[in-house]
Amino acid sequence: MKITAVIFDAFGTLARITRPTHPYGQLLREGKRQGRKFRPDDMQTLMTHKLSISQAAAWFGIQVLPNRLDLLEQALEAELASIEPFPDALEAIAMLRAAGMRTAICSNLAMPYGPAIQQILPNLDGYGFSYRVGAMKPSPIIYRTTCDLLGVRPGNDFGGHGRVVMIGDSPRCDRDGPRQCGISGFLLRRDHSEGFSSLTDFARVVLAYK
Numbered sequence: 474m475k476i477t478a479v480i481f482d483a484f485g486t487l488a489r490i491t492r493p494t495h496p497y498g499q500l501l502r503e504g505k506r507q508g509r510k511f512r513p514d515d516m517q518t519l520m521t522h523k524l525s526i527s528q529a530a531a532w533f534g535i536q537v538l539p540n541r542l543d544l545l546e547q548a549l550e551a552e553l554a555s556i557e558p559f560p561d562a563l564e565a566i567a568m569l570r571a572a573g574m575r576t577a578i579c580s581n582l583a584m585p586y587g588p589a590i591q592q593i594l595p596n597l598d599g600y601g602f603s604y605r606v607g608a609m610k611p612s613p614i615i616y617r618t619t620c621d622l623l624g625v626r627p628g629n630d631f632g633g634h635g636r637v638v639m640i641g642d643s644p645r646c647d648r649d650g651p652r653q654c655g656i657s658g659f660l661l662r663r664d665h666s667e668g669f670s671s672l673t674d675f676a677r678v679v680l681a682y683k
């Protein structure tokens, strides 16, 4: 059965942050200085709710002075401005789209990062961002929602819809998690240690699959 849709992870796969400032991490450390302990679900909260820096501070009960909040927001803007696609990302997407393949991104992101990703990687058929979906990889919910955005169904019974494949740099979130939902997940390792070493190689294999 031919492949008709390809899902990509975002950071570490299609794009990278070249000048990280970790603004949300800075916020949580500010909370720690105020006596708030880190909680296991802090990152899940940030990535499954539509929270700006100031909204996250209020959610977590962290008191941030206006000048300190300005610095955190500046750090966020600097980090967002440093996001760039990997050299092979645009080429691979162009190859797939030229062949009529549907393409999407499925990624765990805090809210400000979604528009930045869409700006450098526009015109895909779907953007399954965790803060929009309300669920993080490897939850089946986010994979199924992304497939809904593509108009395809994961699983073995696709009728005339074809197969769905996914690639990313996380074994748990981009290979194993998708496979639990009927999506063929593959690992990207640019150091050639495992899986595919480039997105263009992956795209060629996808296009050659019958």
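For the sequence shown, the tail end lands on 683 under this note's numbering, and the numbers increase by one without skipping. The beta carbon of each residue, even a glycine, is placed where N, CA and C say it ideally should be.
Sequence-distant residues of the same chain with beta carbon closer than 6 Å to residue i, five excluded per side
i, result
"G607", "T521"
"D482", "S580, G641, D647"
"D630", "Note on D630: pLDDT 43, under 50, position unreliable in the model; the coordinate value appears next. No residues qualify anywhere along the chain."
"R645", "P611"
"A572", "L680"
Residue i vs residue j beta-carbon contact at 9 Å
i, j, result
"I526", "L623", "no"
"I656", "Y616", "yes"
"L542", "P585", "no"
"E552", "P588", "no"
"G504", "F533", "yes"
"I476", "Y682", "yes"
"L501", "L680", "no"
"D561", "S671", "yes"
"D649", "P611", "yes"
"A478", "C654", "no"
"L519", "A529", "yes"
"E564", "T673", "yes"
"F484", "L582", "yes"
Cross-strand partners of residue i (DSSP beta bridge)
i, result
"L487", "In DSSP, L487 forms no bridge with anything."
"V537", "Per DSSP, none; premise fails for V537."
"S671", "Paired residues: none, contrary to the question."
"P661", "The sequence shown places Leu at residue 661, rather than the Pro named in the question. F669, per the DSSP bridge assignment."
"G650", "DSSP output for G650 lists no bridge partner at all."
"R636", "I476"
"G641", "L660"
Cβ-based neighbour list, residue i, same chain, cut-off 8 Å, excluding 5 preceding and 5 following
i, result
"P595", "none"
"R652", "G658"
"V678", "F669"
"D664", "S670"
Sequence-distant residues of its chain with Cβ nearer than 7 Å to residue i (five each side left out)
i, result
"Q591", "Y600"
"I535", "L500, E503, G504, Q507, R509"
Chain D contact for residue i (CB, 9 Å cutoff)
i, result
"Q653", "Absent from the structure is chain D; it holds one protein chain and no more."
Review point. Enumerated in chain order, which unbroken segments of the alpha helix (DSSP H) with a length of 4 residues or greater are wholly contained in the stretch 561-633?
Key: 586-593, 603-606, 613-623
Review point. Okay, do the stretch 478-496 and the stretch 555-570 touch, 3+ Cβ pairs below 8 Å being the bar?
Key: Verdict: yes, contact present.
Point to revise | At least 3 beta-carbon pairs within less than 8 Å: the stretch 506-522 vs the stretch 563-579 | key: Between the stretch 506-522 and the stretch 563-579 there are fewer than three C-beta pairs closer than 8 Å, too few to call the two in contact.
Review point. Where are the alpha helix (DSSP H) runs, 4 residues long or more, that stay fully inside the stretch 510-560, in chain order?
Key: 515-521, 526-533, 539-554
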